[in-house]
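S.K.: Sending over a structure as C-alpha cells; questions will come in a sec.
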Amino acid sequence: MRARNPSRPSLPRPSISPSWGVILSLSLSILAFMAPEAGLVPLTIISTGLLWQVRSAGGWRGLVQLFLVQMLLTQALYVLLYGPQLWWQASVIVWRLMLALVPGWWLAHRYAPEQTGAVFAKCLPRQWAFVLSAALSMLPYIACEAKEIWQIQRLRGAKVSLKHLRHPRHWREFFQCVLFPLLIALLKLARESADAAHCRHFHSHHQAKHQYWQQDKTR
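So for the sequence shown, the numbering used here puts the first residue at 149; every next one is plus one.
Structure follows, in C-alpha cells:
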C-alpha cells in the first residue's frame, strides 16, 4: 500500500493568502448547494480552473473517476426507485456534490495543513482547527488510496470497472472489493492520526496557548 505520509509535490507559491483561500473554498462549497441549476455552469468553470491550478499534484483523474462512478450509481438507483424520468435530478445531485468537493480538494493541495490550521484557529477552538485541517489534508491521500485499491482489484479480476458498474449485479462486488477495504484503510488512518495527535499533546487542556502545528517559515 501507499506510504502514509507521501511527499507533497512542489507547486508554485500560492498567489493568495491562506485566509482568502479558505474563504474562497468555503464560499464555493456553499454555493454548490445553494445556487440554482443555471448557476452550476459558472461554478463548474471555476472548479475546472481550480483543478487546473493543482494539476501537477496529480490525483485529479481519480476525482473524475469518482464523479463518473457516483454518477452511474446514483442514476441507476434513481431509475430503479423512481423511474427514468428523474435521471436528470440524480445528475444534478451528483453535480452539486462534486462541485462542493473540488474547492476542498484544491485547498488541501494548495496550502500546507499548518497554514489552513492557523486560519481555522482564528475563528475556532485550536483543537477543532487541528481536526479540521488534518481531515482536509487527508483528502488527496484518501483519493489515492481508493484508486490504488480499485486498480489492484481490477488486476485480480474483480468486475469493478466503469463498464461493469453499469449493471446493478456487480455493485455487491464493488462494495466488497473496493469500498469495504477502503473503509478499513480509513479506520486505520484515523487511529494513526489519533495516536499522532495524542503524541502532540492534543488531549491537554492546560496549555491554552499550545500550538498543535508549526508554521513552516520557508513556505
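Heads up, the beta-carbon is just placed ideally off N, CA and C, and yes, glycines get one too.
Give the secondary structure of S239 by DSSP, where H, G and I count as helix, E and B as strand, and everything else as coil.
M.R.: The answer is helix: DSSP assigns S239 an H, G or I state.
S.K.: Does the distance from the C-beta atom of M246 to that of F215 stay below 7 Å?
M.R.: Yes, they are a contact pair.
S.K.: What ranges does the alpha helix (DSSP H) occupy inside the stretch 293 to 343, keeping only unbroken runs of at least 4 residues that lie completely in it?
M.R.: DSSP runs (the alpha helix (DSSP H)) wholly in the stretch 293 to 343: 319 to 322.
S.K.: Buried or exposed: which applies to W298, given that a residue is buried once 16 or more other Cβ atoms fall within 10 Å of its Cβ?
M.R.: Answer is buried; the Cβ neighbour count reaches 16.
S.K.: Are the beta-carbon atoms belonging to V242 and Q218 less than 7 Å from one another?
M.R.: In contact: V242 and Q218 (Cβ atoms closer than 7 Å).
S.K.: Please state if the CB of G169 and the CB of Y259 are separated by a distance shorter than 7 Å.
M.R.: Going by C-beta atoms, Y259 is nearer than 7 Å to G169.
S.K.: Going by Cα to Cα distance, which pick from A282, W253 and W254 is closest to G265?
M.R.: Here the closest residue by C-alpha is A282.
S.K.: Can you tell me where the alpha helix (DSSP H) holding M182 begins and where it ends?
M.R.: Start and end: P166 to M182.
S.K.: Alpha helix (DSSP H) containing R274: first to last residue?
M.R.: Run containing R274: R274 to S285, per the alpha helix (DSSP H) assignment.
S.K.: Which of the three DSSP states is assigned to Y226 in this structure?
M.R.: DSSP places Y226 in helix when its eight states are reduced to three.
S.K.: Looking at V326: is its Cβ nearer than 7 Å to the Cβ of V308?
M.R.: Contact flag set, yes.
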